[in-house]
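Comments concern the structure below.
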Amino acid sequence: MPKSLMKGNEALAKGAILGGCTHFFGYPITPQNEIPEFLARELPKTGGIFLQAESEIAAINMVYGAAAAGGRPMTSSSSPGIALMQEGISLLAAAELPSVIVNVQRGGPGIGTIQPSQCDYFQMTRGGGNGDYSIIALAPSTAQESAEMMIDAFELAQRYRTPVFIVSDGMLGQMMEPVTMPSKVPQQSVKKDWAAVGHDNRRPPITIKTLALDPCDLEQINLRLQEKFMRIRESESRYETYRISEAELIFCGYGSVGRILKNSVDQLRHEGVRVGLLRVKTLWPFPVEAFNVLPPRCRHILSTEMNCGQMIDDVRLAVNGKIQVTHYGRPGGIIPTPEELADHAKNILAGGCQ
Amino acid sequence: MPKSLMKGNEALAKGAILGGCTHFFGYPITPQNEIPEFLARELPKTGGIFLQAESEIAAINMVYGAAAAGGRPMTSSSSPGIALMQEGISLLAAAELPSVIVNVQRGGPGIGTIQPSQCDYFQMTRGGGNGDYSIIALAPSTAQESAEMMIDAFELAQRYRTPVFIVSDGMLGQMMEPVTMPSKVPQQSVKKDWAAVGHDNRRPPITIKTLALDPCDLEQINLRLQEKFMRIRESESRYETYRISEAELIFCGYGSVGRILKNSVDQLRHEGVRVGLLRVKTLWPFPVEAFNVLPPRCRHILSTEMNCGQMIDDVRLAVNGKIQVTHYGRPGGIIPTPEELADHAKNILAGGCQ
Amino acid sequence: MTEPKGSTQIETDRCKGCGLCVAVCPLELLTQDETTVNIKGYFPAKIKYPKKCKGCGFCALMCPDSVITVWRAEKQRRVCHA
Amino acid sequence: MTEPKGSTQIETDRCKGCGLCVAVCPLELLTQDETTVNIKGYFPAKIKYPKKCKGCGFCALMCPDSVITVWRAEKQRRVCHA
Amino acid sequence: MFNERILCAGFGGQGIMSLGQLLAYGGMSEERHVSWIPSYGPEMRGGTAYCSVVLSEKEVGSPIVTTNATTAVIMNTPSLIKFEKSVISGGIILVNSSLVNRRVTRKDVNVYYIPAVELAGECGNQQAANIVMLGAYLALTQAVTEKSIISALPKVFGEKPKKFIDLNRRALELGQKAVLGHGPKLAAA
Amino acid sequence: MFNERILCAGFGGQGIMSLGQLLAYGGMSEERHVSWIPSYGPEMRGGTAYCSVVLSEKEVGSPIVTTNATTAVIMNTPSLIKFEKSVISGGIILVNSSLVNRRVTRKDVNVYYIPAVELAGECGNQQAANIVMLGAYLALTQAVTEKSIISALPKVFGEKPKKFIDLNRRALELGQKAVLGHGPKLAAA
Amino acid sequence: MNLIYTKSKGLTDRETHYCPGCSHGIIHKLVAETLVELDILGSTIGCAAVGCSILCYNYFKVDMVECAHGRAPAVATGIKRTQPDKVVFTYQGDGDLASIGTGEIVHAAHRSEKITTIFVNNAIFGMTGGQMAPTTLPGQVATTAPQGRDTSHTGMPIRISEMLAQIPGATYVARVSVHDPKAIVQAKKAIVKGFKYQLENRGFSLIEVLSSCPTGWGLSPVDAMTWLEENMIPYYPLGTFRSQEETRDV
Amino acid sequence: MNLIYTKSKGLTDRETHYCPGCSHGIIHKLVAETLVELDILGSTIGCAAVGCSILCYNYFKVDMVECAHGRAPAVATGIKRTQPDKVVFTYQGDGDLASIGTGEIVHAAHRSEKITTIFVNNAIFGMTGGQMAPTTLPGQVATTAPQGRDTSHTGMPIRISEMLAQIPGATYVARVSVHDPKAIVQAKKAIVKGFKYQLENRGFSLIEVLSSCPTGWGLSPVDAMTWLEENMIPYYPLGTFRSQEETRDV
Ligand SMILES: Cc1ncc(C[n+]2csc(CCOP(=O)(O)OP(=O)(O)O)c2C)c(N)n1
Ligand SMILES: Cc1ncc(C[n+]2csc(CCOP(=O)(O)OP(=O)(O)O)c2C)c(N)n1
Ligand code: SF4
Ligand code: SF4
Ligand code: SF4
Ligand code: SF4
Ligand code: SF4
Ligand code: SF4
Ligand SMILES: [Mg+2]
Ligand SMILES: [Mg+2]
């Protein structure tokens, strides 16, 4: 396949089409607008439907309807827009409706800025909607991965009957890079005998619902959901290690920071400093197992994020006190430079910043 | 003061009036309706305003407006209603507007049930709105505490210029208990020279806002907010210990479970089993310091919640691998009995359930 | 007396005793039976004068719980039994 | 020629060169000066025939950036300078 | 240790909630730790409603009495089916025999069948069947004094004419009589 | 190691973004690792816009070039003020002297003043000033061949008539000439 | 004898959870009868809204999707855009449609989604225990308007049908009532017409049904019907606010 | 010579961030002049909505509160209920008011909040780069309607003023334009009237101002004004849709 130069947002959109997306419902918001704009042009050509919703809330509920009726819908938004979808996302998880939700993160809190950020880590991994549920959250680092993970997202959504997040950010969304577009996945057309498509007088009526007034019923539903989440946890966590052998300090990062850190690692290794990178590719399920294979010399993990410290909770939970973990972050839309990250690591190894 | 028998919800509402609440904006939802219904009757008598909003989103934004204009507003809802408020809550935190938000939790996810639950622990402590922010979250265990914490909530909101959560649940809200109503707090009328009340041609115009397009500005705002959160963390965490001396196993719980556990502890102590209780009163800031004063014999903490395991993250982060921590929970609206909790603890101490 | 023009049957156990059928019968043939409590805890509706029923169907049309069935002797357009 | 009836002053540095004033001047007195780029990077508006201005104020009323001020010789109801 | 855990159940409209509240108010005025909690749900009138009351010497932990009840007050048949097993061995089941058409099958509990609707009718209002049941409960347990219950009436029902108080007092007494002197299971014989 | 980090800045409308994209496309066709990223903000037209391009032998980590630029292409005065300090010591600053009315104050960089608007006018379209600057950059660094840039034109501007290609080819050449043979700082003398 | 009226075959055997005399039950019958008469039980997908009628999927013999409070029109949009050949309807209360769900219903009408909305206006929030709705009448008592709705504080009630009729995409909008047999027959006709509009692909249709809530109003079922007739109808006049004829000249 | 026109004292010295020829600037002047003429700069609290005009607090010389997208009417409600003696207005675009904020504007009107809304309808989402709005005209190209708005897919544009005029609590609703000096003078009058209604405590007032977005429309500022006149006004007729006189007989 030839390479093309694309924005990360366009790669996501193109990946959605390749992943078999049938419906896009969304509401404009910067910095993700290239996604709906691309799909407004391209989705109808594949027989899909692009519909701009009147709001994020309407969008997520249209996704709910389309998924309930057997479609492969998606939506896309950015931080405050995702906040507005929280009730709907909780419903999608509870009703087990396959769907894909993209968050191209921008700086917060509040209206914040439209500059890149990773300050929605908790929003992506700890619900925010009501109740006990988890959402698979894939975090690409490049335009190439944006396209690939999008395809993956549609597959995971169908396989587990669950909503899936793509966690991108303004930097990945806006930058152009070469992409070798994967070929269209042959869809293993899952039979959706649970979908509400009209019973055609041939079977009893189906109801898609999340209400269970009797707490005993709701407890059973929760236990079933938890069992599914456990299965996902066991099979779907993903990560990449980069130059970790013999590392004394390991950066942990994802998304934009995950790639910037490669520059920092290269720089430090070049200077003879033993550092490595653990790049998290699934924010949920968090790749806890990765922390068991870190080199024995590793005495420090630097959780690096474009925020005030959120993923660090998961890193700490993963190492459970066995390795020292600290946070380095730039909040509010600032993108750290590879050099400042390298400097910070050197400082730590020299005994500072502890 | 004479005792009166009240529902937890009514105690909250009465506490709000004593705490100087000037405005209530809210949208009906079970199991918190006694709060607006009480305030619809009583708030106007104190010169306050009760206004039913058209939705939870409108309600939280009315709260935003009233706080921006110098009022002492509150709202109240239950789980899915709070999910809808997430964008607004992020704005309140970012704009530093004093306000109180009550969540009388019910079972989730999705529409779920109206039965009591604690499945919104993450929703209350990890945002869900966009961006880096924290909200003080007070968790009463009795009607008495409901009234007292509500007063406290209004004070904290003013002192730190921040939104404050009250985290209750359907059981606490619906049950009646005797309450000795605290007396009205003399309001240290904080001068709100930051409020937007019209400049009267005497000072430059004021803007209440959360947009900061330049990431350098937004980073500074974030650092200032984080500094405030750190101050709150240092001074406002609260907890109670119950019969912890010599305890080998310590239950950790809050709210409804926090009180039910007292029965379990009493039962087990009566049977000679050494257990105790750490009742968390502020979900955020989480009382990390409490875990430093646990008796040295304590070899197990049982994080007990009406959910599938959420607070356990904070407990694990607090003990950082030093003590074994497990979770026991009933999701979906089921209230555990003191006996089942006691049995579970005995099992653990006997070496099971690990 | 002639053959009754209509006939009404009430599923008493499912009646909620709301009284709407009683109120709309143009001939006031229905009543609530305060002497029995059905398994749902309500006083169910009952027809006092079954022979007088003209089969107009009003009672059935009005019943929110669809517990009344009505028949009529003469051939006439049915009100509804979709 | 007689005394001009009106007078127009344009704050050139703040002009965004939108041309709306040019389009509405009933006497077509204004133009966009394509020979200068102002500090904002625009070709600012300028008055070609200042003496012909009748001070109607249309250009100022139309200017989205409030960079035009207009005076008029005769006493007349002002358009607005609130 | 004094620790009464009462479960009251019946149709909506039978005064289940107020029965429980009277007990809670009464207990509170006698310096007990008390709690009351209703079952709540969407409007499904005609279904089974219940409430739990705890009266205790110690702080009330769990206010829910769906297991380990010391007494169950059963106002209709569905409630008996649902809650027969909720009472501790040796506990009490008070059955409103006017409406309940079946018998308790357990042998390890003390059962009293009280024709509460008829007895209430005797005082002038069938609606007072709940108070008749309350009278029976008080007589059997002495958990709260009649006086405390009477003074709790205005708190639950609002200010009422003396007639209302008198009616309720009579209902309490009839309930009391219905069980005193009769052994368990014989009350409604 | 080949690692060009180019910052292009000017007013909106000066073709800053397409200049950068041409470079990125050109680099990609020569099998470089490349990235392009714009500054983005709410519509504040007339303000300063910029984009960053990285051309590298290795995977691109950070695509942002606001510090450590190897070359800065400066199309207007505010951009010079803002980005003068962003270039590494020994790097290149290309200044569009047709619009920039001040000089670079740093001594540790190689500066070329290019009357790009005038030169573009010579080729027949003042709008091609960005391409003139690109020509100068290519001449100084050989980062990408002219051929690759020419074949990238349709990707950035869509299919265009041959006239358009020719015009751009001429603009590239004029830019090239403006810097070749002149030492730094002398170009616009 | 001929069968004049019996329970619709479009309804399941389940007993409803509605209070005695609640007219949700009457409206259910009309919708079910319509689906049977048009022979679309098998091709219909219903959207249940949060409110007392949330459990209506237990009663209608069609596939149904339960929706978040207020969002049924958005969910229905998603369904119809996925299954354009199926019949899609929403069944919503006045709290759901006229309060929290205002945006969704306005924009379903605006886009002229080919769906049918049954809008049950009982001037109150029934399910949550009788709070004020935007449709609560002046002076009407509600738990959040204990002195009766004070219009100087909360405005005059909103008339949804009149408002939606202003939207070009709303092709059929009518208000009916179910307070007596005659009104019920009229209501049925309007519901049939609404579904026919959908079958004919004309666009968005909405039937507002004035309904009683004896429990929320604190009235007996029979008195509630009288109150509806005497108080609601004068403020909410019955009639057709828009039909295809008018739509043409927009 | 007499001063005929100069920059309003109700505006700050800041240069606006608007595109050249964007009529937000014209509307800003009218609002600022109104506040000065009514002498209410010191007693006004404005609500800035998310859209190109979000930064309007940098330009108006009054206290202002920035609002979440679409929620300005709810925020204004909170402010007005806290400061009932102050003048409160919202300044909202068509994406903000007619799309995401539909519920909030309808219910501010429904409750007859004593606030004034300036509704800037430029038939597009300007700030986010030209996406389709509910007010985008049939056939009009937008980035999310690349072939032009297809009404069979997305419906006919919504007319907000006509819709809101159906709500009893909306006491003054008018549509004006700013495409030429004459229209601007009319627009100013309507804005003054809207604020006067608030000062007289009559209830909710809204002035819809047809506005140009040269950037979003891809037209020169001058051509944009012509397009507005020739295309928007025929679909969105200017006029008063409701004023106190009509309100009385509701
Ligand atoms: C997001 C959310 N907010 C609030 C509620 C609580 N709630 C349930 S039903 C209802 C209103 C019901 O009123 P209506 O729509 O008029 O239906 P009715 O019960 O009167 O038929 C409300 C507010 C909820 N379930 N979800
Ligand atoms: C919750 C949320 N959703 C979406 C956005 C993105 N957004 C910003 S402005 C805007 C629309 C602007 O359009 P309009 O209101 O018409 O104003 P204009 O820019 O045209 O004046 C949108 C969708 C946002 N900031 N917040
Ligand atoms: S069918 Fe008519 S006449 Fe017969 S009982 Fe019913 S209402 Fe009365
Ligand atoms: S209308 Fe139906 S439910 Fe009501 S009383 Fe008559 S038969 Fe019973
Ligand atoms: S004031 Fe009138 S005549 Fe003078 S320049 Fe302006 S528009 Fe032209
Ligand atoms: S209207 Fe104003 S900004 Fe536009 S060209 Fe004229 S003076 Fe300049
Ligand atoms: S509360 Fe009202 S609407 Fe709900 S079921 Fe009861 S009567 Fe019907
Ligand atoms: S994008 Fe449109 S509305 Fe926004 S400033 Fe530019 S011209 Fe004005
Ligand atoms: Mg209702
Ligand atoms: Mg707009």
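Chains as they are written, first to last, in numbering that gives the first Met the number 0: chain A, 0 to 353; chain B, 0 to 353; chain C, 0 to 81; chain D, 0 to 81; chain E, 0 to 188; chain F, 0 to 188; chain G, 0 to 249; chain H, 0 to 249. All residues carry an ideal CB built from backbone N, CA and C; glycine is no exception. Being a predicted model, the structure only gives us computed values, none of them experimental.
Residue 121(H) has its Cβ nearer than 7 Å to a heavy atom of ligand 8. Along the segment 165-188 of chain A, the positions whose C-beta sits under 9 Å from a C-beta of chain F are 169, 170, 173, 174, 175, 176 and 177, read in chain order. At a cut-off of 7 Å, the beta-carbon of residue 163(A) does not count as near ligand 6: no heavy atom of the ligand is closer than that.
For residue 36(D), the residues of chain F that pass the 8 Å Cβ criterion are 98, in the order they occur in the chain.
In the DSSP annotation of this structure, the continuous segment of the alpha helix (DSSP H) that includes residue 160(H) starts and ends at 159-163.
Taking 7 Å as the cut-off, one finds at least one heavy atom of ligand 5 near enough to the beta carbon of residue 46(D).
Inter-segment contact for the segment 103-110 of chain B and the segment 42-57 of chain B is absent: fewer than three beta-carbon pairs are separated by less than 8 Å. In the DSSP secondary-structure assignment, residue 161(E) is not bridged to any residue.
For the segment 135-154 of chain H, there are no residues whose beta carbon sits under 9 Å from a beta carbon of chain B. Pairwise C-beta distances place the segment 198-212 of chain A out of contact with the segment 301-315 of chain A, as fewer than three of them are shorter than 8 Å.
In the structure shown, the three-state DSSP call for residue 10(C) is coil.
Contact between the segment 28-42 of chain C and the segment 4-20 of chain C is present, with at least three C-beta pairs closer than 8 Å.
Beta-bridge pairing by DSSP links residue 62(H) to 44(H). Between residue 195(B) and chain H, the shortest Cβ-Cβ separation is below 8 Å. Interface residue (Cβ-Cβ distance to chain A less than 8 Å): residue 58(F) is classified as such.
Burial check for residue 62(H): the Cβ neighbour count within 10 Å reaches 16 or more, so the residue is buried.
Around the beta carbon of residue 89(F), fewer than 16 other beta carbons lie within 10 angstroms, which makes this residue exposed. About 7 Å separates the CB atoms of residue 70(E) and residue 140(E); that is less than 8 Å, so the two are in contact.
Taking the Cα of residue 24(F) as reference, the smallest distance to any Cα among 99(F), 146(F) and 111(F) is reached at 146(F). Within chain A, the C-beta atoms nearer than 8 Å to that of residue 209(B) come from 108, 109, 110 and 111, in chain order.
The criterion of a C-beta distance shorter than 8 Å is not satisfied by residue 114(H) and residue 190(H).
With fewer than 16 other Cβ atoms inside 10 Å of its own Cβ, residue 80(E) counts as exposed. The Cβ of residue 2(A) sits closer than 8 Å to at least one Cβ of chain F. For residue 126(H), the shortest C-beta to heavy atom distance toward ligand 8 is below 7 Å.
With respect to the 8 Å criterion, residue 316(A) and residue 166(A) are not classified as neighbours on the basis of their beta carbons.
Unbroken beta strand (DSSP E) stretches of 3 residues or longer found wholly inside the segment 161-224 of chain H: 169-176 and 203-209, given in chain order. The DSSP assignment places 214-234 as complete runs of the alpha helix (DSSP H) inside the segment 183-266 of chain A, in order along the chain (cut-off: 4 residues). Taking a contact to require three or more Cβ pairs closer than 8 Å, the segment 65-79 of chain B and the segment 130-141 of chain B do not qualify as touching.
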